Amino acid sequence: MNTILETIIAPGSIDFALAIGIILVKIAVVIAIALLHVAYATYFERKVIAHMQVRLGPREVGPYGLFQPFADGIKLFFKEDIIPAKADKPLFYLSPVIFFIAALTSLAVLPFFDGFVIADLNIGLLFLLAMSSLGAYGIILSGWSSNSKFSFLGGLRAASQVISYEIAMGLSLVGVMIMAGSLNLSDIVRAQHAYPTGVFVIPQFLGFFVFVVAAFAETNRLPFDLPEAESELVAGYFTEYSGFRFALFFLGEYTGMLIMSSLLALCFLGGWTIPRFITDFIPFLSAVPGIVWFLMKVYAFMFFYYWVRATLPRYRYDQLMAIGWKLLIPLALINILITGLVKAWIKGLL
Amino acid sequence: MPEFVMPDLAPVMPEIVMTILALVTLIADIIFKRKETLAILSIASVVLVFFVLFGTPFKTTFNGMFIADGYSLFFKLIFLLNVVLTVLISMRYLVIERVNFGEYYSLILFATLGMMLMASAGDLIVLYLGLELMALSTYILAGFITYDMKSNEAAMKYFLLGAFASAFLLYGISMIYGLTGTTDLNAISEYIILNGLTANPVVMLSMILFAVAFSFKIAAVPFHMWAPDAYEGAPTSVTAFMSVGPKAAGFAVLGRVFLIAFGSVRMDWSAVLIPIAILTMGVGNIVALSQTNIKRMLAYSSIAHAGYALLGIIAGTGEGLASVMNYLLIYAFMNIGAFAVIIMLRTEGFKGDTITDYEGLAKSHPLAAALMLVFMFSLTGIPPTAGFMGKLYIFMSAVYAGYTWLVVVAVIFSAISAYFYLRIVMYMYMREPKESVSLAATPALGIALAITAAAVIIIGVLPSAVVSFARAAVAGF
Amino acid sequence: MIATAFALGALVVGSIFRLKRPYAEKLMPYESGNPPVGEPRQRFSVKFYIIAMLFVVFDVEAVFLYPWAIVFDKIGLYAFIEMVIFIVILFVGYIYAWKKEAFVWD
Chain A
1 MNTILETIIA PGSIDFALAI GIILVKIAVV IAIALLHVAY ATYFERKVIA
51 HMQVRLGPRE VGPYGLFQPF ADGIKLFFKE DIIPAKADKP LFYLSPVIFF
101 IAALTSLAVL PFFDGFVIAD LNIGLLFLLA MSSLGAYGII LSGWSSNSKF
151 SFLGGLRAAS QVISYEIAMG LSLVGVMIMA GSLNLSDIVR AQHAYPTGVF
201 VIPQFLGFFV FVVAAFAETN RLPFDLPEAE SELVAGYFTE YSGFRFALFF
251 LGEYTGMLIM SSLLALCFLG GWTIPRFITD FIPFLSAVPG IVWFLMKVYA
301 FMFFYYWVRA TLPRYRYDQL MAIGWKLLIP LALINILITG LVKAWIKGLL
Chain B
1 MPEFVMPDLA PVMPEIVMTI LALVTLIADI IFKRKETLAI LSIASVVLVF
51 FVLFGTPFKT TFNGMFIADG YSLFFKLIFL LNVVLTVLIS MRYLVIERVN
101 FGEYYSLILF ATLGMMLMAS AGDLIVLYLG LELMALSTYI LAGFITYDMK
151 SNEAAMKYFL LGAFASAFLL YGISMIYGLT GTTDLNAISE YIILNGLTAN
201 PVVMLSMILF AVAFSFKIAA VPFHMWAPDA YEGAPTSVTA FMSVGPKAAG
251 FAVLGRVFLI AFGSVRMDWS AVLIPIAILT MGVGNIVALS QTNIKRMLAY
301 SSIAHAGYAL LGIIAGTGEG LASVMNYLLI YAFMNIGAFA VIIMLRTEGF
351 KGDTITDYEG LAKSHPLAAA LMLVFMFSLT GIPPTAGFMG KLYIFMSAVY
401 AGYTWLVVVA VIFSAISAYF YLRIVMYMYM REPKESVSLA ATPALGIALA
451 ITAAAVIIIG VLPSAVVSFA RAAVAGF
Chain C
1 MIATAFALGA LVVGSIFRLK RPYAEKLMPY ESGNPPVGEP RQRFSVKFYI
51 IAMLFVVFDV EAVFLYPWAI VFDKIGLYAF IEMVIFIVIL FVGYIYAWKK
101 EAFVWD
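Chains as they are written, first to last, in my numbering: chain A, 1 to 350; chain B, 1 to 477; chain C, 1 to 106.
Below, the structure is given as structure tokens:
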């Protein structure tokens, strides 16, 4: 930290200050967009599911109910912050913060389009996985500190679910790493663009499948939303939370979905690029800015999230564990072996 | 980026084969319902490894991290022998104790793999790796009788104190690494000599930490507290295994680390080890006098024997090291033999592990009593048996190295030990049987007893073959 | 530079979040939660511990795989075979855990 301060104070460090200023602006933009996006993700979810269930969804607040998320936000903001008497207070205060920070910090390494990334980390992918594990701490601690049976069981379930599927997710990405040769998300996207198929989903279909299933479980979404199964556990680990702390969990979860969708778009669907064989075929598509492609991919997957929620029932807990341990992990391992073999073969090593 | 070169795998072949076979045994456990198959499989594995071992060239590989030489070969033979004898004596015993699980065999193989790595370690990291593999497997083995509180207690104590020992070892490693910047044993020694660090306090402290950690492993006083409880509580076959294998492995690394890495500070570490050795012999032999449980008694006896063996290390000569190796081999035979007799007394509904259970055994089961007599004589060190020869060589090497007074002390303690070993003989031959004791003799147990008794007597009468083998093994050290 | 950017990013994200805390706490009286019945923190199934232990094993494996995957191009066949051996050994443990019904939840 000292060296940073010295660099800033030292004369001639105006470039550095400028760089930091740009980073700050980027951070502000990304967070503003992300939070706005999250707000509207809830709105879209309600609308999509409502239409799937032949209802209309929110339509009272503003035209087509467009201001509904703001109404919700303002309401939650001014709601009373209830803290149970027997709760473990420091942990109770902290756990939504941990959850939310972990989710938001992940945004820092996502490249939204070529060159636009807050922190172009060399270990971006690893960082995302680490943050996703860190979020699990928020969940476990909230379950523990609430001193409520529902929270406790929800926290336990969430903990074992998240760690089980994290292995599958981590392993499913190894194939991508082998192909891209980097953990930097921008490099992964560029590697995909340089690749004949343009996207990794075609050679890495096994990894893609494992990743999609694990992404649902990691974000505690249906059909794997056992930690917050409302029919058995009220709301799971955040049963005791209210007001803005509840909102933090809510925001964190939707940010998590956004991040998983982005990760999917970046690692498997080519991020801001489109496959070269498409642009060769329809040239004018290459004029479309990268951010459009990226967001299209992300939203398509977000829609998939809602679609699944409206379609599939919840799994039993033993089924959940069986899928994670007996199906996804072997599949991911096989995927790694196949990828390694094929790559070694292509390189003429075998 | 440096090009990756395939290291020479030939010297590691025994370990590789051992790993594969241990994994096969693990998988075989879920395939075969009859656990005796696994026992046979593990003995077959060990025999295979035995043959591979003799085809292994004496070389170092993995940049000096792994050393295959006569020294490691000799210790590996002790470990493999230990496995064969342990498996032979435990087949029936596990059924009697109702813990006939297949994991037992794969754990024993993994523990042995750890010991083999320790014996060949030319690098502190490899040493630690082997040590942990061995220790973790034996912790589980000690608590193998899951329904028995004593067994659980044994595992718990062994685990906690073993973890402390590992922490001491790691601390010692980190200090010596911080000072010399290497974990290679030869490089450490060179660095200490080249930079004249023989009086450096960090070297001293690190050496003391190593001494503490290894003393834990060989159950030397004052770091022996876990041993009596662990030996008493653990299944008898595991006690036999633990009192030979990990102890021999502890001596293997003790010899290598102290004679190579700390070779230049020999005077300092013998000053540390001498009081440890005296205390070990003293406490081991004197406390054993008052024991009524034979497993506990043998635990203290095992502590005392570690004390005798330390004399050979303290002597610090090749001859001393050879005598330690010789002694450990003999100890493996006589100790497992004694445990085999104890196991034979363990039948359904009869524990057979107090000393009074041996009253009048000579009347009811003369052969078993005779075998026990041989092992007890050997443990005491009475002439026609191997135990005498083992002690003789150790004491001689210590005398040649100038530690005559230490040998006198050892002989005095050895005389004390005669009391509790011969008490069992006295009980067997001079008392009337209280109740009829039946034996759980099986062919496997018979083979184990035959091997051990024959070895104890043959080595006792003709010790030169083993001793010259041990000397040859040390020659390349 | 990257590390600095990241550290600052994390801090700023944190502080942006923290700005909201005072609002959240404004005018908050204390109120008790649900009337608790019995002891909420109960003993729970040993299965959770097993899962936790298995997680450690597999997560360490994944950590080993990442650097290997990144430099896959440069380290050649030897490293590939070595990693295959590593995965096979792990797989043996996995089969063992499966057969011992570590993944069965009842």
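Ideal placement from N, C-alpha and C gives every residue a C-beta, glycine not left out. Computed from a prediction, not measured in an experiment: that's the story for all the values here.
Contact with chain C by residue i, beta-carbon distance below 8 angstroms
| i | result |
| --- | --- |
| Ser182/A | yes |
| Ile27/B | yes |
| Leu133/B | no |
| Leu23/B | yes |
| Met204/B | no |
| Met18/B | no |
| Met6/B | yes |
| Ile458/B | no |
| Ser142/A | no |
| Gly340/A | yes |
| Ala194/A | no |
| Gly170/A | yes |
| Met260/A | no |
| Ser160/A | yes |
| Ile346/A | no |
| Leu185/A | no |
Minimum C-alpha distance to residue i - residue among the options
| i | options | result |
| --- | --- | --- |
| Val283/B | Tyr231/B, Ile193/B, Ala448/B and Phe223/B | Phe223/B |
| Ile346/A | Ile85/C, Leu77/C, Val88/C and Lys99/C | Leu77/C |
| Leu311/B | Gly181/B, Pro433/B, Thr404/B and Ser302/B | Thr404/B |
| Phe479/B | Phe168/B, Ile313/B and Ala277/B | Shown here, chain B extends from 1 to 477; a query on residue 479/B therefore has no answer. |
| Phe64/C | Phe80/C, Tyr49/C and Met53/C | Phe80/C |
| Met483/B | Asn186/B, Ser270/B, Pro246/B and Met149/B | There is simply no residue 483/B to check, as chain B begins at 1 and stops at 477 in what is shown. |
| Ile424/B | Met149/B, Lys351/B, Phe375/B and Gly349/B | Phe375/B |
| Met389/B | Val126/B, Ser436/B, Val456/B and Val24/B | Val456/B |
| Val407/B | Leu392/B, Asp353/B, Arg346/B and Thr61/B | Leu392/B |
| Phe209/A | Pro330/A, Gln68/A and Gly271/A | Pro330/A |
| Leu248/A | Pro58/A, Phe301/A, Phe92/A and Ile123/A | Phe92/A |
Residue i at chain B interface by Cβ criterion, 8 angstroms
| i | result |
| --- | --- |
| Tyr49/C | no |
Partners in chain C for residue i, counting only beta-carbon separations shorter than 9 angstroms
| i | result |
| --- | --- |
| Val174/A | Ala62, Leu65, Tyr66, Trp68 and Ala69 |
| Ile125/B | Chain C residues near Ile125/B: none, gap ~16 angstroms exceeds 9 angstroms. |
| Leu263/A | Under the 9 angstroms cutoff, chain C gives no residues; its nearest Cβ is about 15 angstroms from Leu263/A. |
C-beta neighbour in chain A for residue i, strict 8 angstroms
| i | result |
| --- | --- |
| Ile87/C | yes |
| Val84/C | yes |
| Asn34/C | Any reading at Asn34/C must be qualified, since the residue scores a pLDDT of 47, below 50, and its modelled position is unreliable; the value itself is stated next. Yes, Asn34/C counts as interfacial toward chain A. |
Beta-carbon neighbours of residue i, restricted to chain C and to distances below 8 angstroms
| i | result |
| --- | --- |
| Ile108/B | Per Cβ cutoff of 8 angstroms: no residues; Ile108/B is ~16 angstroms from chain C at best. |
| Leu337/A | Val84 and Ile87 |
| Ile140/B | Those do not exist, as Ile140/B stays about 13 angstroms from chain C at its closest Cβ, beyond 8 angstroms. |
| Ile30/B | Ile95, Tyr96, Lys99 and Lys100 |
Interface partners of residue i on chain B, CB under 9 angstroms
| i | result |
| --- | --- |
| Tyr94/C | Here the premise fails: no neighbours, minimum Cβ distance about 11 angstroms. |
Residue i: contacting residues in chain C (beta-carbon distance under 7 angstroms)
| i | result |
| --- | --- |
| Met177/A | Tyr66, Ala69 and Ile70 |
Exercise for review: Take every Cβ of the region 263-271 of chain A, pair it with every Cβ of the region 183-195 of chain A, and state whether three or more of those distances are shorter than 8 angstroms.
Suggested key: yes
Point to revise | Every unbroken beta strand (DSSP E) inside the region 101-128 of chain B [3 residues or more] | key: none
Review point. Which ranges does the alpha helix (DSSP H) cover as unbroken runs of at least 4 residues, wholly within the region 362-423 of chain B, from first to last along the chain?
Key: 366-380 and 386-400
Point to revise | Touch test, the region 177-184 of chain A against the region 129-139 of chain A, Cβ-Cβ under 8 angstroms, three pairs minimum | key: No, the region 177-184 of chain A is not in contact with the region 129-139 of chain A.
Review point. Are there three or more Cβ pairs, one per stretch, closer than 8 angstroms when the region 88-102 of chain B is compared with the region 331-348 of chain B?
Key: yes
Check your understanding: In the region 142-187 of chain A, which residue ranges form an unbroken alpha helix (DSSP H) of at least 4 residues, counting only runs that do not cross its ends?
Key -> 149-180
Point to revise | Within the region 278-341 of chain B, ranges of the alpha helix (DSSP H) (whole runs, at least 4 residues) | key: If only complete runs of 4 or more residues are kept, the region 278-341 of chain B shows the alpha helix (DSSP H) at 294-315, in order along the chain.
**Study point:** Stretch pair the region 12-20 of chain B + the region 336-346 of chain A: three plus CB contacts closer than 8 angstroms
**Key:** no
Check your understanding: Are three or more beta carbon pairs between the region 225-233 of chain B and the region 286-304 of chain B nearer than 8 angstroms?
Key -> yes
**Study point:** Stretch-stretch touch, CB-based, cutoff 8 angstroms, three pairs: the region 152-170 of chain A with the region 99-111 of chain A
**Key:** no
Review point. For the region 195-211 of chain B against the region 170-177 of chain B, are there 3 or more C-beta pairs whose distance is under 8 angstroms?
Key: Result yes; three or more Cβ-Cβ pairs closer than 8 angstroms.
Check your understanding: Can we say the region 160-167 of chain B touches the region 192-201 of chain B, given the rule of at least three CB pairs closer than 8 angstroms?
Key -> no
Point to revise | Stretch-stretch touch, CB-based, cutoff 8 angstroms, three pairs: the region 300-308 of chain A with the region 207-226 of chain A | key: Output reads yes: the region 207-226 of chain A touches the region 300-308 of chain A.
Point to revise | Three-pair Cβ contact test at 8 angstroms for the region 349-365 of chain B versus the region 413-431 of chain B | key: yes
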